[in-house]
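Taking it in order: structure first as structure tokens, then the write-up.
Here is the structure:
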């Protein structure tokens, strides 16, 4: 049972990690928690669902469509809801409020247009592989592999490419790189597009594994917690935070009680923040100020 | 000159206004429609049930108005969205009672929602008929005191849990049962408890009982624990979304036990949500769509429903007929008298049964059978009616 719990924990954690990456990326540059990220995941999931069912394309192709769709939505979100604030040099708190507004607006837009019905992707990779007395879903394995590949690709992009270098520099000091001649607008377009791609991917996995519905974005609260545990703003932190949270949750569910699970995860969060205020891999707070 | 003309015209206007005002006032009092409130989940997780219920009730009101209304007055339906959330319900019911001044309320379809509405409707003396709230404490307090203004048309969880346990033991030959329920839902908690009690009483064993929090999507951790207890039946007294997800994940983990659910499974979208994972599962239902009268009703009205017809629509239709009958017998729209008349409802033919009787001691329906359904080839198949012993 321990092995099964561990497998389940890692599988859940993988999806948390995928979502947490998008949070951390935006936070590292704009210094605010993009609460609209969950809605972008939700919309990405809907894009994938409709590409799948209306156009009849296979799930992998629909995944690409979902990623592209979510990237466009994330960029639009930045241009419409954050750019005007940025030009007025608003403090991060206003960005966060704007993000919440965008989230509630888009969620309700889906309610009135698509409706509150639960939707499911066509059955895809339903099989599971038995390892001893434990089972792991084929989809979970694929999701883990794809997540790992995507996160590795992003790390390479950030470390090896010129754009990536600019993004890393922006995370240190955005004003300065603006002065040095980097086009901040196009840089942020790239950042939000990447966050969107990850959101689309996470959206499809969530949609296949669970369901597609307007409030599904709220599961990203957990991803946010994962990002904070790992140290918000840090990519490796987001991944490790996600997997760690997944494992802690599964262990608590099995060995303590499912009903108590969130009590433990949030206690874990609070204790960790008391001991390490910037999370496991976060930048130190002095640097931020 | 001009002033005098103005004066006279004002006086004449006032007089005219007085006369017409009086006469139209008198007439309007007699012909004002009877307002019936519908407190229902039009949005949110339970909207599949709520929307269908609202359409069903609208059809009932149309039918009654076609026959001349109640006490010669037309019926007007006022809807208020509960979102199946107790806090939202308080606002919705307050609006119906305080602003809309409804004569009676139908709906409050979830047990938690009905319980949240009870203090308001009791204080305002507005008789309320719940469609599907099945918790025993919806119509009475924990020390057995009756809520004078709360009634229902469905059977209660004690009965449902008991009948489910007996069916599982006798018909499905289950001996080792596991339960997974939603700790945030009154309905789920009670159903789990009554199933457990009845199953142990009849001679079975409960090998695992796991809870999860409302809104959960991943049940693999508790299901893993259930798997190691090796049950031959897994009882899931939860809503259709959770049941479908749990079924998928249970099959993923290699759990082969028969799955069984409560009446919340009766929403047709469970079939698309759960897919092949639900094949061969059973659930308890409050009505059966196989019965000729109901089948015919569904065929006639299918066009008015945007989606599938769920049992809430039938029960709301029943509730409206029962309410109309009680108001006719009371001869007034006074809440106290309607409640008294509702208590006396006996052998009334409604849509889902020929003889609907309310037990005046509990405000629950008397002798409603449970209908067992099975999911076969991704369809609901009626198995049998089964009454608890």
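Chains as they are written, first to last, in my numbering: chain F, 1 to 289; chain Z, 290 to 678.
By construction, the Cβ of each residue, glycine as well, lies at the ideal position given by its N, Cα and C atoms.
On a predicted model such as this, the values are computed, not experimentally measured, just so you know.
In the DSSP annotation of this structure, the continuous segment of the beta strand (DSSP E) that includes residue 663(Z) starts and ends at 659-665.
Just measuring C-alpha positions, the residue of 573(Z), 582(Z), 628(Z), 640(Z) sitting nearest residue 671(Z) is 573(Z). Under the DSSP assignment, residue 568(Z) falls outside any alpha helix (DSSP H); it carries neither an H nor an E label. Identification of chain F residues near residue 558(Z) by a Cβ-Cβ cut-off of 8 Å yields 117, 118, ordered along the chain. Using a C-beta cut-off of 8 Å, the region 324-339 of chain Z makes contact with the region 97-117 of chain F, since at least three inter-stretch Cβ pairs fall below that distance. Counting only the Cα atoms, residue 387(Z) lies some 14 Å from residue 416(Z). Leaving aside the five residues that flank residue 535(Z) on each side, the residues in its chain whose CB is nearer than 6 Å to its CB run, in chain order, 508, 525. The shortest CA-to-CA distance from residue 236(F) to any of 124(F), 22(F), 214(F) is the one to 22(F). Interface annotation, residue 475(Z): not in contact with chain F, CB-CB separation never under 9 Å. In this structure, residue 510(Z) sits near residue 5(F), with a CB-CB distance shorter than 9 Å. The region 63-71 of chain F makes contact with the region 180-200 of chain F; the number of CB pairs closer than 8 Å reaches 3 or more.
Neighbours of residue 41(F) across chain Z, judged by C-beta separation under 9 Å, do not exist; the nearest C-beta is about 13 Å away. Using a Cβ-Cβ cut-off of 9 Å, residue 107(F) does not count as an interface residue toward chain Z, since no Cβ of chain Z sits closer than that to its own. Secondary structure of residue 470(Z) (DSSP, three-state): strand. In this structure, DSSP gives residue 672(Z) an extended state, which the three-state scheme calls strand. A contact between stretches requires three or more CB pairs, one per stretch, nearer than 8 Å, and the region 552-559 of chain Z meets this requirement with the region 597-612 of chain Z.
Chain Z has no Cβ within less than 9 Å of the Cβ of residue 224(F). With distances taken between CA atoms, residue 72(F) lies nearest to 194(F) out of 2(F), 194(F), 184(F). Residue range 138-160 is occupied by the alpha helix (DSSP H) that includes residue 150(F). Rounded to whole angstroms, the separation of the alpha carbons of residue 393(Z) and residue 136(F) is 53 Å. Taking the C-beta atoms as reference points, residue 112(F) is found no nearer than 9 Å to residue 77(F).
For residue 144(F), no Cβ of chain Z is located within less than 9 Å of the residue's own Cβ. Residue 49(F) sits close to residue 207(F), with the two beta carbons spaced by under 9 Å. At a cut-off of 9 Å between beta-carbon atoms, residue 18(F) makes no contact with chain Z.
Residue state for residue 524(Z) is assigned as strand, using DSSP reduced to three classes.
Here the C-alpha atom of residue 450(Z) lies approximately 19 Å from the C-alpha atom of residue 403(Z).
Segment contact: the region 626-634 of chain Z against the region 463-472 of chain Z, fewer than three CB-CB distances shorter than 8 Å; contact not assigned. Any Cβ of chain Z closer than 9 Å to the Cβ of residue 153(F) would place that residue at the interface, and such an atom is absent. For the C-beta of residue 123(F), the chain Z residues within less than 8 Å are, from N- to C-terminus, 564, 565. Taken through DSSP and simplified to helix, strand or coil, residue 362(Z) comes out as strand.
In the three-state reduction of the DSSP assignment, residue 135(F) falls in the strand class, which pools E and B.
For residue 347(Z), none of the residues of chain F pass the 7 Å Cβ criterion, the least Cβ distance being about 19 Å. Taking a 10 Å sphere around the C-beta of residue 243(F), we find 16 or more other C-beta atoms and assign the residue as buried. At least 9 Å separates the beta-carbon of residue 497(Z) from that of residue 398(Z). By the CB criterion at 9 Å, residue 625(Z) and residue 414(Z) fall inside the cutoff. Annotation: residue 121(F) is outside any alpha helix (DSSP H) and is labelled neither H nor E by DSSP.
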